[in-house]
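Residue numbers (numbering that gives the first Met the number 0), protein chains in the order written: chain A, 0 to 315; chain B, 0 to 315. No residue lacks a Cβ here, since even glycine has one placed at the ideal position from N, Cα and C. Predicted, not measured: the structure shown is a model, and the values here were computed from it.
Protein chains: 2
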Amino acid sequence: MSVFTTVTPDEAEAWLKRYTVGTLVELKGIASGIENTNYFLTTGHGRYVLTLFEILRHDELPYFLNLMDHLARHGVPCPQPLADIDNALLATLNDKPASIVSCLAGRALEHPDAAHCAQVGEVLADIHLAGKTYPQQRDNPRGTAWWKATAQQLAAVLDSAAAVLLADEIRFQALHRLQDLPRGVIHADLFRDNVLFDGERLSGVIDFYFACHDVWLYDVAITVNDWCVLPDGSLDSERTLALLQAYHAVRPFTPIERGAWPVMLRAAALRFWVSRLYDLHFPRAGEMTHAKDPGHFQRILQQRIAAQSALQRLWV
Amino acid sequence: MSVFTTVTPDEAEAWLKRYTVGTLVELKGIASGIENTNYFLTTGHGRYVLTLFEILRHDELPYFLNLMDHLARHGVPCPQPLADIDNALLATLNDKPASIVSCLAGRALEHPDAAHCAQVGEVLADIHLAGKTYPQQRDNPRGTAWWKATAQQLAAVLDSAAAVLLADEIRFQALHRLQDLPRGVIHADLFRDNVLFDGERLSGVIDFYFACHDVWLYDVAITVNDWCVLPDGSLDSERTLALLQAYHAVRPFTPIERGAWPVMLRAAALRFWVSRLYDLHFPRAGEMTHAKDPGHFQRILQQRIAAQSALQRLWV
């Protein structure tokens, strides 16, 4: 259950006077999501999602909300935050930072095919291109400095094989300079559960709260590592090529990106292996057990290391 | 037929590379509208309207396009212009200023009932409130200076009864100071053909190309004169009250607005009587006959003058 902060219909009705979206028709808690309180909010003008942010702070949110507004204005199918009568996308409700965003149709897919992956590749390139004129900038809080520091914390709790793999991979990544790879706004978490399909058509990209400024190809690698993976951690060639080709048709890859591709796939696997290890071994106080299996990304990383030269050929 | 400038699918496909809305699925001319070329444009991301502006100039358009963007961001159901990869809402296609806007569902109503009028009143108040933070300003090109100058041109072609009525009304309006009435962004043309209903629900407000900065109550009067009118030009009490009450619930009227209400209804009738007379007697060169009957607004004006004191009581 993800309603951590209760909002009554009377409170919502009063709060809606800040907005120009009509009066309250229905308010209904959403029982998914593990970080925020979410309600479906229906008004005279349509269907929205009301979010009360339980962890992100008021000063951190404008980057994400303005980014969603920017991308929606560019035709990227993502939640668009509503501006209130003071023209602000963010307000306070029941002592929490709160926002109303447009509600998107569709549901997440567990078993995407190549046609779905192509749509994901296209929309990711759209996000990268549309983000070029986004004026705000946010460093990646899960970048190299973070995984180095986190790996030190993890050293004591890992078995020796995992500890060696982790130390080796961090060393390997440090040897590869990424300065020349094109970069800009990245979603940084475009997993299957953050993309909605309405029938066969991609209808929404959600959860921009890891978005930041980083290497575009790294974002592609994060996405491919989830959308195109086989049970053994290796990549499905058909889905991978479909995703890369559709991306390439919108934002053509540069020659230097081809060379960096296998390294980026390893970096993307490393980043999620480290965060899952951390969540498992150092859960937040009071947090329920939502930790996902780190072994999944350990296998992916091992597979990417083993397949390095084959991955060089899995390209558009 | 309203396609004055042809756009081929190949031209549309090439032009879409400026945007991040997917590739072209379908392009279809729209056979309505008398000023612009409009196409339904379906892309991988959804359904849009492509407009090539045939009369409005490149330097006039940002006010309107930015206003639609501003209102859409506030939850007003209106076409939202797409930003291109340079973050511009306006571009050039086949030598015409051009824009892509979101496509709204629904159709215009000819015979609205009180429930429809209430929704129109509400959305008009939403537009006025949301417009408070709109930074650009545009004077009303159809204001008192315009109707005075136009009446002089018309004097020679009107019969004497109409000429006297026109001169008298312009004199009457000049005696009433509007300085203290609240003002801001107004739609200025919220007739039945500019509002879409999807079933019983208001789904869109369109055609913002008369929008400007003027008296809010004047905008209400323009709207009431069309939505709540009976065949003899008088107002239907039930629809009028429904519209005014719904507006008042969102943006409460001030006491001074009550006093100005009958004068504003006359001003709103005058403005459209004058423009219809002008279009009839001085058609644009090469224009097809789209001129609407000026007599309709002459009757409305005469009825508002005759019913002045009764209109004072038709209020919330």
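What are the residues that DSSP puts in a beta bridge with residue i?
i        : result
B/Phe196 : B/Arg106 and B/Leu201
B/Ala90  : B/Ala97
B/Lys27  : B/Phe39
A/Phe52  : A/Asn35
B/Arg46  : B/Thr41
B/Gly183 : B/Asp213
B/Pro8   : None, per the DSSP bridge assignment.
B/Pro80  : B/Val100
B/Val228 : B/Leu234
Can you list the residues of chain B that residue i reaches, using a CB-CB cut of under 8 Å?
i       : result
A/Tyr18 : His73 and Gly74
Alpha carbon to alpha carbon, how far is residue j from residue i? Give it in angstroms, no decimals.
i        : j        : result
A/Gln151 : B/Leu60  : 58 Å
A/Ser101 : A/Pro78  : 5 Å
B/Lys16  : B/Val223 : 43 Å
B/Ala107 : A/Cys211 : 44 Å
B/Pro8   : B/Lys27  : 9 Å
B/Pro181 : B/Asp138 : 15 Å
B/Phe296 : B/Asp125 : 27 Å
A/Gln244 : B/Leu89  : 30 Å
B/Trp226 : B/Cys116 : 7 Å
A/Val194 : A/Ile205 : 6 Å
A/Val262 : A/Asp218 : 13 Å
B/Val214 : B/Thr132 : 16 Å
A/Ala154 : A/Phe281 : 13 Å
B/Arg191 : A/Leu23  : 26 Å
B/Tyr47  : A/Asp112 : 27 Å
A/Tyr18  : B/Ile84  : 29 Å
A/Gly203 : A/Ala148 : 34 Å
B/Glu316 : A/Phe39  : Nothing in the structure corresponds to residue 316 of chain B, since chain B is present only between 0 and 315.
A/Trp314 : A/Ala82  : 42 Å
B/Pro80  : B/Thr253 : 34 Å
B/Glu109 : A/Leu216 : 54 Å
B/Glu168 : B/Leu229 : 22 Å
A/Ala160 : A/Pro140 : 27 Å
A/Ala306 : A/His57  : 44 Å
B/Ala266 : B/Trp146 : 10 Å
Is residue i near residue j, with beta carbons less than 9 Å apart?
i        : j        : result
A/Leu177 : A/Ala259 : yes
B/Leu51  : B/Asn37  : yes
B/Leu70  : B/Arg250 : no
A/Gly43  : A/Val20  : yes
B/Trp272 : B/Leu300 : yes
A/Ala220 : A/Leu264 : yes
B/Ile185 : B/Gly120 : no
A/Ala187 : A/Phe171 : no
B/Glu25  : B/Ile54  : no
B/Arg283 : B/Asp231 : no
B/Leu234 : B/Leu310 : yes
A/Tyr196 : A/Gly105 : Correcting the residue type first, residue 196 of chain A is Phe in the shown sequence and not Tyr. Going by C-beta atoms, A/Phe196 is nearer than 9 Å to A/Gly105.
Along the chain, where does the alpha helix (DSSP H) containing residue i start, and where does it finish?
i        : result
A/Thr132 : That residue, A/Thr132, is in no alpha helix (DSSP H); it is neither H nor E in DSSP.
A/Asp213 : Note, A/Asp213: premise wrong, no alpha helix (DSSP H); beta strand (DSSP E) at Cys211 to Val214.
B/Phe171 : Ser159 to Ala173
A/Tyr246 : Ser236 to Val249
B/Gly232 : It is not in any alpha helix (DSSP H) - B/Gly232 carries neither H nor E in the DSSP assignment.
A/His355 : Nothing about residue 355 of chain A can be read from this structure; chain A reaches only from 0 to 315.
A/Asn65  : Leu60 to Arg72
A/Trp146 : Thr143 to Leu153
A/Asp278 : Pro254 to His280
Since residue i meets chain A, which of its residues come closer than 9 Å, beta carbon to beta carbon?
i       : result
B/Leu81 : Arg72, His73 and Gly74
Mind pulling the chain B residues with CB within less than 7 Å of residue i?
i        : result
A/Leu128 : Thr19 and Ile84
A/Asp125 : Thr19
Check the Cβ of residue i against every Cβ in chain A and list those closer than 7 Å, keeping chain order.
i        : result
B/Glu121 : Gly21 and Gly43
Name, please, each residue of chain B whose Cβ falls closer than 9 Å to the Cβ of residue i.
i       : result
A/Thr7  : The premise fails here: A/Thr7 is roughly 21 Å from chain B at the closest Cβ pair, so nothing lies under 9 Å.
A/Asp68 : Arg72
What does residue i touch in chain A if you count any residue whose Cβ is under 8 Å from its own?
i        : result
B/Lys131 : Ile84
Taking only beta-carbon atoms, is residue i less than 9 Å away from chain C?
i       : result
B/Ile99 : Given the protein chain composition of this structure (A and B), no chain C is represented.
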